[in-house]
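Engineer: Take a look at this one; I'll ask things after.
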Amino acid sequence: MTLSKLPIGINTFGAIRDNDMTYIDKTPLTWNMVQQPARFFLSRPRRFGKSLLVDTLKELFEGNQALFKGLFIEGKWDWGQSYPVIKFDFAEGVLQSRAPVFAPCYHKYLHIFS
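At position 97 of the sequence shown (counting the first as 1) the number is 97 in UniProt numbering, and the numbers step up by one without a gap.
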């Protein structure tokens with residue numbers, strides 16, 4: 001029996017699933033969260049999974065069904081529908097200028113705003 005790799009330092013859902021790393025299925029909680037018509041404030045200590053949760057939501061809303069194969073949410077989500085996702089990453093810590101953060105999203109979704 002071989003053990004799958006632990007995703008230490010990995011905060012992208014796709015990397016964890018594509019590389020067959022250990023993942024504890026938290027999609028029932030994700031499913032409950034997206035069913036609530038509310039805003040959420042995520043406040044947890046560093047290295048507590050906030051970035052992984054946000055990336056999981058991104059993959060879900062973009063409709064990347066293959067990543068969710070075998071997970072709770074696979075049979076619940078409407079995979080025929082996808083949504084554009086704008087994700088800002090502030091993990092680097094210090095923001096010197098808005099341009100490096102906002103420009104990639106603007107160019108990626110320019111067609112939506114036209």
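Each residue gets a CB set at the ideal place from its N, CA and C atoms; glycine is no exception. Quick caveat, the model's predicted, so the values are computed rather than measured.
1. Output the distance between the C-alpha atoms of Ala38 and Leu57, rounded to the nearest integer angstrom.
2. Hey, Thr30 and Ile73: beta-carbon distance below 8 Å or not?
3. When you compare the region 92-110 with the region 61-71, are there three or more beta-carbon pairs, one atom per stretch, that lie closer than 8 Å?
4. Take Thr22 and list the residues in its own chain whose beta-carbon comes closer than 6 Å to its own, dropping the five residues that flank it on each side.
5. Pick out the complete alpha helix (DSSP H) segments inside the UniProt domain "AAA-ATPase-like" (7-99), 4 residues or longer, and give them in chain order.
6. For Tyr109, which of helix, strand or coil comes out of DSSP?
7. Out of Asp18, Gln81 and Ile10, which one is the CA nearest neighbour of Val54?
8. In whole angstroms, give me the CA-to-CA distance for Gly80 and Ile8.
Structural biologist: To lay it out plainly:
1. To locate residue 38, count along the sequence shown from 1; it is residue 38. To locate residue 57, count along the sequence shown from 1; it is residue 57. Going from the Cα of Ala38 to the Cα of Leu57 covers about 15 Å.
2. If you number the sequence shown from 1, residue 30 lands on position 30. If you number the sequence shown from 1, residue 73 lands on position 73. Yes, Cβ-Cβ distance for Thr30 and Ile73 is below 8 Å.
3. no
4. Position 22 of the sequence shown, counted from the first residue, corresponds to residue 22. Ser4 and Leu6.
5. 13-18, 27-35 and 50-61
6. Locating residue 109 in the sequence shown gives position 109, counting from the first residue. Reduced to three states, the DSSP call for Tyr109 is coil.
7. Start at 1 with the first residue of the sequence shown, and residue 54 comes out as number 54. Measuring from the Cα of Val54, the nearest candidate turns out to be Ile10.
8. On the sequence shown, residue 80 is found 80 positions in, with the first residue counted as 1. On the sequence shown, residue 8 is found 8 positions in, with the first residue counted as 1. Spanning the two alpha carbons is a distance of roughly 33 Å.
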